[in-house]
Every structure is written in structure tokens, then in C-alpha cells.
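A.B. asks: Heads up: the protein sequence lines correspond to chains A, B, C and D, in order. Just remember that our numbering sits 261 ahead of the position in the first sequence, which is counted from 1. Just remember that our numbering sits 261 ahead of the position in the second sequence, which is counted from 1. Just remember that our numbering sits 83 ahead of the position in the third sequence, which is counted from 1. Just remember that our numbering sits 83 ahead of the position in the fourth sequence, which is counted from 1. Glycine residues also receive a C-beta, built at the ideal position from the N, C-alpha and C atoms. My questions will all concern the structure given below.
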Amino acid sequence: MPVQVRGELLGTRRVGSYHVLTITAPGVPEAARPGHFVALAVGGDNSAMLLRRAFSIHGVTLRGVYGGTVDIAVGVAGPGTQWLANLHRHDPIDVVGPLGRPFALPKQPVSALLVGGGYGAAPLFMLAEELRTRGCRVDVVLGAATEDRLFNVLDAKRMASTLTITTDDGSTGTRGRVTDVLPEIMSRTNTDVVYACGPMPMLAAVTELARSHGAHVQTAVEESMACGIGVCMTCVLPVIGDDGVTRMLRSCVDGPVFRGDRIRWDDLDTIPADCYGAPGSKA
Amino acid sequence: MPVQVRGELLGTRRVGSYHVLTITAPGVPEAARPGHFVALAVGGDNSAMLLRRAFSIHGVTLRGVYGGTVDIAVGVAGPGTQWLANLHRHDPIDVVGPLGRPFALPKQPVSALLVGGGYGAAPLFMLAEELRTRGCRVDVVLGAATEDRLFNVLDAKRMASTLTITTDDGSTGTRGRVTDVLPEIMSRTNTDVVYACGPMPMLAAVTELARSHGAHVQTAVEESMACGIGVCMTCVLPVIGDDGVTRMLRSCVDGPVFRGDRIRWDDLDTIPADCYGAPGSKA
Amino acid sequence: MTRAVISYGPIPVEQLGHDVDMTAELGGTWLPNPVLTASGCAASGRELDTFFDITKIGALVTKSIMLAPRSGRPTPRMAETPSGMLNSIGLQGPGIDGFIEHDLAWLRERGVRTVVSIAGSNADEYTKLAQKLRNVPEIVAIEVNISCPNVENKGLIFARDPASAAAVITNVRRNTPSDIPVIAKLSPDVTDIVEIARACVRAGADGLALINTLLGLVIDTTTMRPQLAGITGGLSGPAIRPVAVRCVWEVHQALPEVPILGMGGIRNGVDALQFILAGASAVSVGTATFNDPAAPARVLSELRHELALRGFERLTDAVGHAHRGADVEPEPELGAEHHSGPVPRWP
Amino acid sequence: MTRAVISYGPIPVEQLGHDVDMTAELGGTWLPNPVLTASGCAASGRELDTFFDITKIGALVTKSIMLAPRSGRPTPRMAETPSGMLNSIGLQGPGIDGFIEHDLAWLRERGVRTVVSIAGSNADEYTKLAQKLRNVPEIVAIEVNISCPNVENKGLIFARDPASAAAVITNVRRNTPSDIPVIAKLSPDVTDIVEIARACVRAGADGLALINTLLGLVIDTTTMRPQLAGITGGLSGPAIRPVAVRCVWEVHQALPEVPILGMGGIRNGVDALQFILAGASAVSVGTATFNDPAAPARVLSELRHELALRGFERLTDAVGHAHRGADVEPEPELGAEHHSGPVPRWP
Ligand SMILES: Cc1cc2nc3c(=O)[nH]c(=O)nc-3n(C[C@H](O)[C@H](O)[C@H](O)COP(=O)(O)OP(=O)(O)OC[C@H]3O[C@@H](n4cnc5c(N)ncnc54)[C@H](O)[C@@H]3O)c2cc1C
Ligand SMILES: Cc1cc2nc3c(=O)[nH]c(=O)nc-3n(C[C@H](O)[C@H](O)[C@H](O)COP(=O)(O)OP(=O)(O)OC[C@H]3O[C@@H](n4cnc5c(N)ncnc54)[C@H](O)[C@@H]3O)c2cc1C
Ligand SMILES: Cc1cc2nc3c(=O)[nH]c(=O)nc-3n(C[C@H](O)[C@H](O)[C@H](O)COP(=O)(O)O)c2cc1C
Ligand SMILES: Cc1cc2nc3c(=O)[nH]c(=O)nc-3n(C[C@H](O)[C@H](O)[C@H](O)COP(=O)(O)O)c2cc1C
Ligand code: FES
Ligand code: FES
């Protein structure tokens, strides 16, 4: 169950070009699972920015002096993220979370491949821990445009059986996209399930590769959100249900994690003609 | 000439219930005269508050490490002043100033009585200094609702020949209004000119008393302002000109200091029927 | 669940356990308090129930429901704007049958006072919607969203044409049990909102909801195209509050007997109070919920506090209060010799 | 001062000393760049000249001037609102004769390109104003503020009625030298702004200024009365920007040949770019000047930068750019079997 709490910034540290914020948020860490996100109010009491900003939960601490904290990785993209990056220690932050549906976890000790693009890596660390607790093999691929847009290579090295890095410009790791290295790794590690978080085109491509390899694939999508709690219908995308019917599902409550093979990647930003309730359809 | 500069908060100190902010504002101190004000942008880059807030210049330093600073006294009244009061040292503040017409100064070494209500005392300190430089006798009356709403009694004591305090609740000084003590002081000190700054009803009453005493009176008014620089016509009040004609003058550029006897105190918030350009008038 | 949770008469102050009687009247129905959600900003209640007890607010207003299931518009569906947002959801929803079966059933079981918002593409669809709802128990009121394009009138929004608006309201009123108020929800995008209000009231509306969103557009300066897939969208949030309060003021001035459900940018109790003083009998909290999921409950307690502070014993005493008092008429703008007709307004 | 400071043809890129040709056309007149002040937000230029060189922007638009001197409305005349403000100044000003003698004389001497805004209480007053201005040299254009109550038509705002709007524009056009463009300034408070725009263009308007303020009201919850002495006021600032961009978009879509002076909440170069891409040939910066007295000059340099970034060589190439490209039409909202008339808009 998500809660709304007035938290406080305990500290900010830089990781690459990201700002990792540690925020007290009693009630949030307890319920947080890998893949959950938080929605933060930005700009203060007299802000012209009305909408909350969504951030994957990167890590949590359950107890301690501050009674539970949440870590998020903020990449500065616009005024809201800029405001968060500029906060001082002890400034208040209004937190709603944990939100969304987390990654589905395997019951068996399978071989898992975690793929993160940019700050999409953020939720994979809690996931890796959880998977290893379950005896899974965990391999990690991190990709980004440039070295400084890679998130937390250090921790990734520690938690993964193997870590592969790609950058578009080759500033570190393999020059290219994560999808360039995926086939080889999936073959080598006999991947049973791929967990991916990052830009939508990356998720589409990863899904395609995972499917052709015969692996399950879980993707954490990123759609623009107005409410983050399921009441506004802003954040929808076409998802095929168990009954084979495509519906416009809310990524904030029905996601952000979906089975990759259920998302109509080619039809994002459209209403597919065969979608439930589509114009002209007789549903 | 007013300038617009991106200043920086050097520090905030409490004086009674007020926050005295020292702000670097190169170019402003040099041109500041007693009675001038500054207009500060509030709320930061993504603020829903569009309009600047006006503050009398309380004091200036011309040189020093920071190349000129301005002091203002902020009484918290709403979100804008609250934001200013909460700023941290080194936070940027966008300053426009010095604005308005300052107090007119006597050529002779006259006997001057300075009357300040609440934060209306703020501009009187620079004025007192200037008057004393010109050999004037300076007596001061400070009034407020309660003791903590008095501004800077300590410095007032230092600069004035006599200091009289009134509070509505009698928490310190004489219980009552500044106008209760004025007649006696004016007689005793042979007041030639009264300078007053504070709430409008106080200014009206002070003007009345000064006139009946035969003293000149300069009042610094406070009207709600949208622009502070003379372009919007928000801040007008009916003022009688040298030609005897009443006009709606802008308090930001034609004031905030007006001869008290020229303001139509009973007709504030109206358009007097005989005003230039009044509905139905044939001007 | 019995009808007991829904109050049909004024609630005695003592039972409320506080000093202000918050009972609100909305077109003949009494609510224990005047704070409702806004259509489309609370889905069907379930999600918000995690953040506050939705049985405690005045009523829950559902997302506008149409006859058939609808997938809505393509994304992007929203753009943030200064102190507001633009949305173009396109009324995604399950259609009236699924809505009655699932959403309304849940709301009834949960004991939530529910206002059902309906929307159609032609006047006949509204008739059918009302007919579908007429045997559904425990609806507090029907809010008729007429800010929809009328496919039988060149796509002109019903709420922008008095005759089309009236036709819809007539149909809904005729097909709705007489003890259930029909509330017409108006658009501010008109030359004269009082004209539309009058047409709806003549057609049988028991109350008016003011206002729906303002038509707006944002250009995405990266793609250099409209940011919303739907090109235009509805502007909501604090940015539009002054327009909303003006609409409430104008309509209450012209039709003081007609109950108004006020909305548009309400974020706190003081904002809500503005609407009440301007003439609203109750208020809806919409976009603010996206910022603060508990906003409706918070606004309610803040409004109560603000009323108490000002010495009101009853909410109803505050309704339209800003119209009273001698000094609220503006000074005549022009010389008396010019002056005729309503007081002119100058920019 | 000679006419030399006022440019009547496109200015060669080399002379501008930068890579984007900012020359803007406004109803047949060429300006060296497209950023103007907004009427009522720059007085007659003198005050702003301290903060930036007002000869460097596209043109200065004066406060709307009436025939006789006017004292305006009583105070309070403004209320701050979320990301905006409400004003009710009541067109305080010296009257046309004093204006020509003092303000226009100063502007001419200073070499400022000047757009004179005029306002009247009936159609005849506009005629007289145009006649007074016809022999005044060096006016860049006349902007006709028709958001004024027409005392001969029950105080109905000219801009809210196509016939009244057209009557005013006809009068002004007939009495203005043909080389001086007449620009009609429209109000967004109408059911169909395209209808008013068409009426003004048919009546001879060479361009349209979009938009004037939205009618709004703020209740002061301390006094529990309307905060403005004028009760209602005009809402301006970033809050209204999406409405303004929508109006520009709609009018440019319907009348692509008519030059538009876009305004409403422009605060920076990216905001200005939205208006240009939506179809404005030039823009006015209004309320933002109260926040930043140098805003018009800053917006100009930011806009130039944004255009350069996007590879535009000429401002004129960007005008209306968001309408081009295949993918800007919305998906049809309803099933094809229903669809007729313009694309319906859903909230
Ligand atoms: C489920 C989810 C998880 C996310 N996790 C992270 C994370 O861990 N780290 C991180 O840096 N960012 C994350 N994002 C993206 C982050 O929410 C945006 O970068 C942020 O909202 C941008 O706000 P802004 O004011 O800086 O930018 P602006 O572009 O000015 O924002 C304007 C509006 O668009 C929305 N918006 C803009 N970009 C995005 C985006 N990429 N996704 C969704 N909405 C957007 C904003 O929320 C806001 O409403 C996540 C987004 C989602 C939906
Ligand atoms: C010439 C002048 C000098 C001033 N000097 C001082 C000073 O030295 N110290 C000080 O504490 N205050 C001073 N004030 C008052 C100060 O400007 C207001 O307290 C402040 O604007 C309130 O802003 P807010 O956001 O806190 O309150 P809010 O009430 O939320 O402000 C809302 C709007 O109303 C305007 N407003 C509210 N109160 C006033 C007011 N009293 N006068 C003018 N506009 C107002 C604000 O500027 C803003 O636009 C002065 C005002 C003027 C005009
Ligand atoms: C995302 C969103 C969806 C909306 N959907 C509807 C709707 O389905 N029916 C309706 O009548 N109004 C709808 N509205 C309008 C609101 O009910 C309300 O009238 C408007 O947003 C103004 O109030 P606010 O500023 O408090 O949001 C919607 C508003 C938003 C922001
Ligand atoms: C204080 C003020 C005074 C105004 N006076 C006039 C006026 O005299 N004539 C006019 O046509 N528009 C007037 N306007 C409207 C502006 O010119 C402009 O159309 C509107 O404010 C929207 O632009 P903005 O949001 O950039 O201010 C005034 C606006 C403000 C804020
Ligand atoms: S963001 Fe509102 S429903 Fe998902
Ligand atoms: S505040 Fe704008 S003219 Fe004085």
C-alpha cells in the first residue's frame, strides 16, 4: 500500500552524472519491492510545477536513526529534476510511494540477465540482491550514451556474476548499444529471464532479443505520468492481456513492470485498431 | 537610475519579529537615497509568484569585499516574504532598485520628527543619518501593535535626540498609537518637518497632526504594486498637484514619498469625482 | 450496505462533532459536507481510498462514462503548464455496463456517496445513459458532462451551444428518477456562460457544475509539434482558478437560486472558500489530487477551519456571501451620461 | 529623428550580425525582429528604457489610449494569482491629445518603432481616434483594443460580438493611411475566436493580436469580497499561455494568410517560439516585464538563440511550422461511421 509522507533529504551524492538522494520516508521502505517507484512533489510550496516526478526506488534502508530511507538516482532533465538536485540536506521532500507493480520474481534459481539503460539501472540493484537471495545467477549489462550517463558501475560489478558495459560513444566498455552484446551473453549464461529498465526503444529491442532466445522478459517502462496513482489515465500503453485482447493499461498501477512480450512496442503512442474500446471497434 | 542585478544573500539576522536581509546588489547602494525601495523576485526560477515584492531600503554599504550591499527588513506577511525569510546564505536574489522618489531633504538645519509604524521604521535610519549630516535635530517615534513588531529600537535610540515608543497593547513604551504622543513631541521639539512611514491610516493621522502643528509632512506610502517601475498603473492614489488638480499618481515612480498634505487620504481606493479624467468629468 | 450512509437531510451539528455545520445542499440532495472529487481526477474512487477514507468526503464524482467502452486518445495525453496541466485523455473507460457492474458495485459496497458523470456523442446517447442508470440504487446525483463534441452538430461542443446543451439536459432529466438531481457541467469556453446556464436550468437541471477545463494547446519545442496527440487539451489546475471563480460569480449573480458545484484549481481550504463565497454550494477538487492524493480530505478539513475562523456556524451561510454587502458593486466606469445596460468591464 | 530607424523592408542577415534573420512582417510592415511589448505592460516606453534599449526590440506597443483623459478604476487594481495576475486598471491615461503631444513625441524623438493601441466606448470613438492619429508621423501600426464594453450595445465587449468588432475595425481602417497596418486585438472569452477573427479580417484588419486577458475574479478571503474594486479583472501571465497558443493555432489554421501578433504568458525565448511555431508572425511580452523589466530584450535574444539551435535561417520560416508535417492531425476520435464535420475535441 502506498503512503504519502513528508520526508527529509538526508544527503545527496554524485554517481556519474546522477544525483543519488537519500530521503527519509517512513513507511515506504518497508513496502518497497524491486521495480517500485516513488513520486515526489517538486519546487516547494509555491511551485508552478503541479505534477509529481517519478523515480525508481534504487535502494532502501529499513531502520536506523532516521527510521527508514529511500535512495533514488536523479538525472537532471528539466526544472523538476534540477530542483531536486539542488536541494540542501534537511530540506523537506513530499514522497508518495511505493507505487506501481514490481518485477515478478522467479520461484526457481534461474539465470537472470539484468539490463539497464542510463538511470534505468537504478531499480536493478535491489532486484539483483533479491534474485541472489533466491539463488539465481545474475548477469548485468549497463548501457548509456556516454560514460558519465552510466549509473553505478561500481556496485554493479560487486553484485553481478559478469558485468558488461556499453556506451554509444565507446568512452568506456563496448562501443554500441546493450542489444549488441545481449545475444552473446544470453547464450553464454543460458539466460532464463531478462529484466530490463531504460528507454522505450531499448526495451522494445531487448524484448525482441529475449524472445528469440526463448527467455522470459520483464520490462519496466517509462511513460509520462500526471498522477502516478492510477486516477488520471495519462500513462497508458497498449498491452495484450491473458485473453489476447489489447487494452490501454496504466503504466503507473498496472506497470511500470510488464511482461515485455505483452507490450505492443510498435504501437506505442497509438490506439491500435483492435484495441478494446478503440474508435470504430465493437467491443 | 534603477538597475536590475542578480544579488546574493550575505546573511539574515532577526530584529524583533523581522528578518533583516543583507544582499549584494552592485549598483544599487551607490544610487540609494532615504525612502527608496527595492523590488525582489520571490520563489525562485519555477515560482508560481510572478510579481516582485517591494521593500524599503533600510541601509546600504558602499564598498567592502562584496562591492556594495543593501539591507532590508522583512516582516513575514505571506508566501513571498516567507520565502525571503527562509533563504540560505549565498542563495541568489534578483534585485531591482533603487526605485521610487526618496524623501525630500531640508536645506536648513531644521527640527525633524521621524515617525515609523512597524517595518515602516526601516527607511528612517538612512534618513536620520542624512538629516544629522545636515545639522538637523532628529527625534523619533516608533509604534507597533506589539513589542516584537517594533523595528530596531536599539539603533533608533542611538541616532535620535529623543526616542518615543508606543505599542497598541502597551507591551513596551506608551500604550496607544504614535499619534497619541505626537502633539506633545512636536510642541516640545518645535518640529519643522515630519517624516512618516507606516500603515496608510497612520500616515493620514500623522499628516493631520503635522498640519495642525504647521509642520511640513513627508509620507512614504504603501500601495499594492504589480511592476514597481511605473508601467502598469496598479499602485495609484489620488494626489493633488501644484495646479490644484487631483490626479491618480503612481506610488512606485511618483512616490512612494509624497507630501502628506497633497494626498487625498479620505479618498484612497476611490476615484474622486473631481479627479483628472474621472468618470463624467470634463477634463 | 444500506442507504444509511447517504444522508438525505441536513445533519445536526452535534453529530458532526465540530463547530461548523458543513452540511451542503446540491440540487435537493443533502451531503454531510461540500467537498467532492472532480470527474476524471479520481477514477472510480478505489485508488484514492488508499490515501484517505473516501466515504468521509461529500461525494465521489466518477470519471465521465460513455455508452460503449472507450480506449481514449493516443499518448502523449498530458503536458505540464505553469500552475496547471493540459490533458487529452479522450474519456477512456469501460462503458456504462461494465461501469455499473464493477465500479458502481464497488462504490456501493464501500458505502461511498457517488455522483455519476456521463458523457455522450449525441443527445440520444445521454438518454440511453440515463436510462441505464435509472434503476441503479444509491446514486447521489448525475453530473452531465456536456463538454463533448456533438457529432450531430458538426462536432460543436454541446456546452458551447445553448440549444444543444438544453436538449441533452432535457433528455437526462426526463429519464432520471425525480429524487436524483441532474447537474449540468459547463464549459468556460463560451462568450456568455450565463446564457448556457439559463438554458440548462430551463431544461430541468437541478444544479450546475462550473467549470470544466479551458481549451489549450502546448507546442513541444523539441519536436516542434503540438505536445498532445490530441493537439488541443483541457487546461486545469490553479492557473484557471480566477476564471472558474468568475464563472461561479456570474452564474450565481444571475441565478441565485441554482445550486453550483464549483471547481477549477482548488488546492486548499482558502481556495475552496473563494468558490463558496462566490456562490458555490459545494466544490470539487480535481488536479490538486495529482499533487496531493489526499487533497479532497485535506481541503475539507481546511475549509471547515477557515469557516470556523470567520465565525460561520453553517457552511450554507457562507454560500454567495461575497455578493452581499453594499460595497461590492463596482464604481460606474463611464460618466453617468454614457451609462446604460450592465456595468461595463474594462481590461 | 528620421524614418531611418524604422525598417520598412527585410533587413539583410549580414547587417544583423548574427545567423538568424529575425525580420518579422506584421500586416505589411517589416520589423527588424518579432518581439514587441504588450499594451498596458510598457506604459509609453520611457520607464522601460532604463532597463534595456527600447529601440532595439521589434516595436513598443503603447498602453491603450482613449479619446479623453481617464482616471481608470479605483484601487485595488490587481491580485496576484498562481503563475499570473488579475488586473483592472480601467485604461487610465492622458487621452489622445495629451498622448500625441507628450508620449508619441518622446517616442519619435527617441527613435522607437511604435504601435499605438487605441480603445473606445463606441464605434464612433474609434473613428475619432484613428482620425487624430492619421497625421501623426512614424507609427508602425495601430492595434485596436476591442476588449472594451460597447456602451451602445448594453456594455457588451466589442470583441465578443462579430458585428460590433467588425464595425470598429471598418471605422479604423477607413480612417487610417493605407500604409499603416490596422491590427485587431481579440479577446479569448468567446465561443469561437475564429468567427471574430474572420469578421475583423473581412472588415479590413491587416493583422490580429491574440490574446487579450481572460476575464477572472479573485475573492479576498479576508474581506470576503472581490479583491478588485472592479470586481472582475483580466487574467494574464504564464497561467494563460496554453489558451493563448491555442487561439493562435486555431486562427492561423483557419486564416493562414493573416499575420498574428501572439501574446499571453510569454516569459522566455522558448515560450515565444511556441507562439511562432503555432502561427504567430511576431509576439508581445506583457506581464513577464513586471517580473523582469528587461524581459522583452531578453526574450528577443533567447528566441534568436532557440531558432539558431533548430537550424532556422529566417524567423519567417518558423512561423506556423507546427502546422506542417503529416502527423499533426489528431487521430479521428470517433468511429468513422459517426464522424462528420471538424475533428471533435474531447476533454
Ligand atoms: C516509472 C518512472 C520511473 C522513473 N525513474 C527515474 C529515475 O530513477 N531516475 C531519473 O532520473 N528519472 C526517472 N524517471 C524520469 C523522471 O520522472 C523525469 O526525468 C522527470 O519527471 C523529469 O522532470 P523535469 O521537471 O526535470 O523535466 P520536464 O521535462 O520539464 O518535465 C515536464 C513534465 O514531463 C514529465 N516528464 C518529463 N520527462 C519524463 C520522463 N522521462 N518520464 C516520465 N515523465 C517525464 C514530468 O514528470 C513533468 O510532468 C522515471 C519516470 C517514470 C515514469
Ligand atoms: C514601497 C513599499 C515598501 C515596502 N517596504 C516593506 C518593508 O520594508 N518591509 C516589509 O516587510 N514590507 C514592506 N512592504 C510590504 C511588502 O511588499 C509586502 O509585505 C509583501 O509584498 C507581501 O508579500 P507576500 O507574498 O508575503 O504576501 P501576500 O499577501 O501573499 O502578497 C500577495 C500580493 O500582494 C502584494 N502585497 C501584499 N501585501 C502588500 C503590502 N503591504 N504592500 C504592497 N503590496 C502588498 C504582494 O506584493 C503580492 O503581489 C513594502 C511595500 C511597498 C509597496
Ligand atoms: C486528467 C483529467 C481528466 C478529466 N476528465 C474529466 C471527465 O471525464 N469529465 C469531466 O466532466 N471533467 C473532466 N475533467 C475536468 C475536471 O473534472 C475539472 O472540471 C477541471 O479539471 C477543473 O478542476 P481542477 O482544476 O480542480 O482540476 C478532467 C480533468 C483532468 C485534469
Ligand atoms: C496591467 C495590465 C494592463 C493591460 N492593459 C492593456 C491595455 O491597455 N490594452 C490592451 O489591449 N491590453 C492590455 N493588457 C493586456 C496585455 O496587453 C496582454 O494582451 C495580456 O496581458 C496577455 O499577455 P501577457 O500574459 O504577456 O501579459 C494589459 C495587461 C496587464 C497585465
Ligand atoms: S499517471 Fe495517472 S493513471 Fe497513471
Ligand atoms: S506598480 Fe506598476 S505602475 Fe506602480
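Excluding the five sequence neighbours on either side, which residues of its own chain have a C-beta within less than 6 Å of the C-beta of H280 of chain B, listed in chain order?
C.D. replies: Counting from one through the second sequence, the residue named residue 280 of chain B turns up at place 19. Here the set comprises T273, V335, A346.
A.B. asks: Between G305 of chain A and chain B, is there a C-beta pair that is closer than 9 Å?
C.D. replies: Walking along the first sequence from the start, residue 305 of chain A turns up at place 44. Answer yes: the Cβ-Cβ gap between G305 of chain A and chain B drops below 9 Å somewhere.
A.B. asks: Between which two residues does the alpha helix (DSSP H) harbouring E278 of chain C extend?
C.D. replies: Indexing the third sequence from 1 puts residue 278 of chain C at position 195. Here the alpha helix (DSSP H) through E278 of chain C covers 276 to 285.
A.B. asks: By Cβ distance below 6 Å, which residues in the same chain neighbour Y209 of chain C in space, the five residues on each side in sequence not counted?
C.D. replies: Stepping through the third sequence from its first residue, residue 209 of chain C is reached at position 126. Once the five neighbours on either side are set aside, the close Cβ partners of Y209 of chain C are G203, V251, N254, V255.
A.B. asks: Is the shortest distance between the beta-carbon of S372 of chain A and the beta-carbons of chain B less than 9 Å?
C.D. replies: Sequence index remark: in the first sequence, residue 372 of chain A carries index 111 (1-based). S372 of chain A does not count as touching chain B.
A.B. asks: Using CA coordinates, which residue listed in B:D409, B:E391, B:M387, B:K418 is at the minimum distance from V401 of chain B?
C.D. replies: Mapped onto the second sequence, residue 401 of chain B falls at position 140. When only C-alpha atoms are compared, the closest one is B:K418.
A.B. asks: Report all residues for which the CB-ligand distance to some heavy atom of ligand 5 is below 6 Å; order them along the chain.
C.D. replies: Proximity to ligand 5 was defined by a C-beta distance below 6 Å to any of its heavy atoms, and the residues meeting it, in sequence along the chain, are A:M486, A:A487, A:C488, A:G489, A:G491, A:V492, A:C493, A:M494, A:T495, A:C496, A:R511, A:C513.
A.B. asks: Skipping 5 residues on each side, what residues in its chain have a beta carbon closer than 8 Å to that of T259 of chain D?
C.D. replies: Start at 1 with the first residue of the fourth sequence, and residue 259 of chain D comes out as number 176. These residues qualify, in order along the chain: A213, L216, R217, I225, V265.
A.B. asks: What's the gap between the Cα of D528 of chain A and the Cα of A378 of chain D?
C.D. replies: Walking along the first sequence from the start, residue 528 of chain A turns up at place 267. Walking along the fourth sequence from the start, residue 378 of chain D turns up at place 295. Roughly 43 Å between the two C-alpha positions.
A.B. asks: Just confirm the distance between the C-beta atoms of Q445 of chain D and V356 of chain B, as a whole number of angstroms; I'd bet it's less than 8 Å.
C.D. replies: This structure cannot speak to residue 445 of chain D, because chain D is shown only from 84 to 430.
A.B. asks: Just mark D104 of chain D as buried or exposed, buried being the case when its beta carbon has 16 or more other beta carbons within 10 Å.
C.D. replies: Taking the fourth sequence and counting its residues from 1, one reaches residue 104 of chain D at position 21. Buried is the call here.
A.B. asks: In this structure, what does DSSP give as the bridge partners for L56 of chain C?
C.D. replies: Nothing about residue 56 of chain C can be read from this structure; chain C reaches only from 84 to 430.
A.B. asks: Can you find a CB in chain A that lies within less than 9 Å of the CB of G203 of chain C?
C.D. replies: Counting from 1 along the third sequence, the entry for residue 203 of chain C is found at position 120. It does not; no Cβ of chain A falls within 9 Å.
A.B. asks: Give the residues of chain A in contact with L131 of chain C, contact being defined as C-beta atoms less than 8 Å apart.
C.D. replies: Position 48 of the third sequence holds residue 131 of chain C. Here the neighbours are I490, V492.
A.B. asks: For G378 of chain B, which residues does DSSP report across the bridge?
C.D. replies: In the second sequence, the residue the question calls residue 378 of chain B occupies position 117. According to DSSP, G378 of chain B bridges with B:G404.
A.B. asks: Using the C-alpha atoms, what's the distance from D102 of chain D back to Q357 of chain C?
C.D. replies: Along the third sequence, read from residue 1 onward, the residue named residue 357 of chain C stands at position 274. Along the fourth sequence, read from residue 1 onward, the residue named residue 102 of chain D stands at position 19. Roughly 51 Å separates the two Cα atoms.
A.B. asks: Hey, how far is the Cα of P165 of chain C from the Cα of G304 of chain A?
C.D. replies: Here residue 165 of chain C corresponds to residue number 82 of the third sequence, with the count starting at 1. Here residue 304 of chain A corresponds to residue number 43 of the first sequence, with the count starting at 1. One C-alpha to the other measures close to 12 Å.
A.B. asks: Taking 9 Å as the threshold (beta carbon to beta carbon), is A300 of chain A in contact with chain B?
C.D. replies: Reading the first sequence from its first residue, position 39 is the one you call residue 300 of chain A. By this cut-off, A300 of chain A is not an interface position.
A.B. asks: Assuming the contact rule is C-beta atoms closer than 8 Å, G277 of chain B and L411 of chain B should be a hit. Round their C-beta distance to whole Å, please.
C.D. replies: Your numbering for residue 277 of chain B matches position 16 in the second sequence. Your numbering for residue 411 of chain B matches position 150 in the second sequence. Taking C-beta atoms under 8 Å as the contact rule, G277 of chain B and L411 of chain B qualify, at a distance of about 6 Å.
A.B. asks: Under 9 Å, Cβ to Cβ, is there at least one residue of chain D near D275 of chain C?
C.D. replies: Residue numbering aside, residue 275 of chain C sits at position 192 when the third sequence is read from its first letter. Yes, its Cβ sits closer than 9 Å to a Cβ of chain D.
A.B. asks: Would G538 of chain B count as contacting chain D if we go by Cβ distances under 9 Å?
C.D. replies: Here residue 538 of chain B refers to the residue found at position 277 when the second sequence is read from its first residue. Judged by the 9 Å Cβ criterion, G538 of chain B is in contact with chain D.
A.B. asks: Would a check of beta-carbon distances place S247 of chain C closer than 9 Å to chain D?
C.D. replies: The sequence position of residue 247 of chain C within the third sequence is 164, counting from 1. With 9 Å as the cut-off, S247 of chain C does not count as an interface residue toward chain D.
A.B. asks: F298 of chain B: beta carbon under 8 Å from a heavy atom of ligand 6?
C.D. replies: As a first step, residue 298 of chain B must be located in the second sequence, where it is residue number 37. Incorrect: F298 of chain B has no Cβ contact closer than 8 Å to ligand 6.
A.B. asks: Expressed to the nearest angstrom, what Euclidean distance is found between the alpha-carbon atoms of T283 of chain A and M168 of chain C?
C.D. replies: Counting from 1 along the first sequence, the entry for residue 283 of chain A is found at position 22. Counting from 1 along the third sequence, the entry for residue 168 of chain C is found at position 85. Take the alpha-carbon of T283 of chain A and the one of M168 of chain C: they are about 29 Å apart.
A.B. asks: By Cβ distance below 7 Å, which residues in the same chain neighbour R380 of chain D in space, the five residues on each side in sequence not counted?
C.D. replies: Against the fourth sequence, residue 380 of chain D aligns to sequence position 297. Here the sequence assigns Ala to residue 380 of chain D, which means Arg is not the residue at that position. Result list for A380 of chain D: F135, K139, I140, in chain order.
A.B. asks: Would you call P263 of chain A buried or exposed, if buried means 16 or more other Cβ atoms sit within 10 Å of its Cβ?
C.D. replies: Reading the first sequence from its first residue, position 2 is the one you call residue 263 of chain A. Result: buried.
A.B. asks: Starting from the beta carbon of P340 of chain A, find every residue of chain B whose beta carbon is closer than 8 Å, and list them in chain order.
C.D. replies: Numbered from 1 along the first sequence, position 79 holds the residue referred to as residue 340 of chain A. Neighbours of P340 of chain A on chain B, chain order: D306, N307.
A.B. asks: Can you look up T179 of chain C in the DSSP assignment and give me helix, strand or coil?
C.D. replies: Taking the third sequence and counting its residues from 1, one reaches residue 179 of chain C at position 96. Contrary to the premise, residue 179 of chain C reads as Ile rather than Thr in this sequence. Helix at I179 of chain C.
A.B. asks: Would you decide whether S261 of chain D is buried or exposed? Buried here means 16 or more other CB atoms lie within 10 Å of its CB.
C.D. replies: The sequence position of residue 261 of chain D within the fourth sequence is 178, counting from 1. Per the 10 Å Cβ criterion, exposed.
A.B. asks: Interface residues of chain A around A126 of chain C at Cβ under 7 Å?
C.D. replies: Within the third sequence, the letter at position 43 stands for residue 126 of chain C. Chain A residues near A126 of chain C: G491, V492.
A.B. asks: Measuring only the C-alpha atoms, how far is T274 of chain D from R243 of chain C?
C.D. replies: Here residue 274 of chain D is taken as the residue at index 191 of the fourth sequence, counted from 1. Here residue 243 of chain C is taken as the residue at index 160 of the third sequence, counted from 1. Roughly 6 Å between the two C-alpha positions.
A.B. asks: Can you say whether A406 of chain B is buried or exposed, counting buried as having 16 or more other CB atoms within 10 angstroms of its CB?
C.D. replies: Mapped onto the second sequence, residue 406 of chain B falls at position 145. Flag for A406 of chain B reads exposed.
A.B. asks: Mapping the DSSP letters down to three states, classify K418 of chain A as helix, strand or coil.
C.D. replies: If you number the first sequence from 1, residue 418 of chain A lands on position 157. It is helical.
A.B. asks: Using a Cβ distance threshold of 8 Å, determine whether the stretch 358 to 373 of chain D contacts the stretch 106 to 113 of chain D, with at least three qualifying pairs required.
C.D. replies: Because the criterion of three Cβ pairs below 8 Å is met, the stretch 358 to 373 of chain D and the stretch 106 to 113 of chain D touch.
A.B. asks: Could you give the uninterrupted runs of the beta strand (DSSP E) lying entirely in the stretch 333 to 386 of chain A, keeping only those of 3 residues or more?
C.D. replies: 353 to 360, 372 to 378
A.B. asks: Just list the residues that DSSP pairs A487 of chain A with in beta bridges.
C.D. replies: Counted from its first residue, the first sequence places residue 487 of chain A at position 226. According to DSSP, A487 of chain A bridges with nothing at all.
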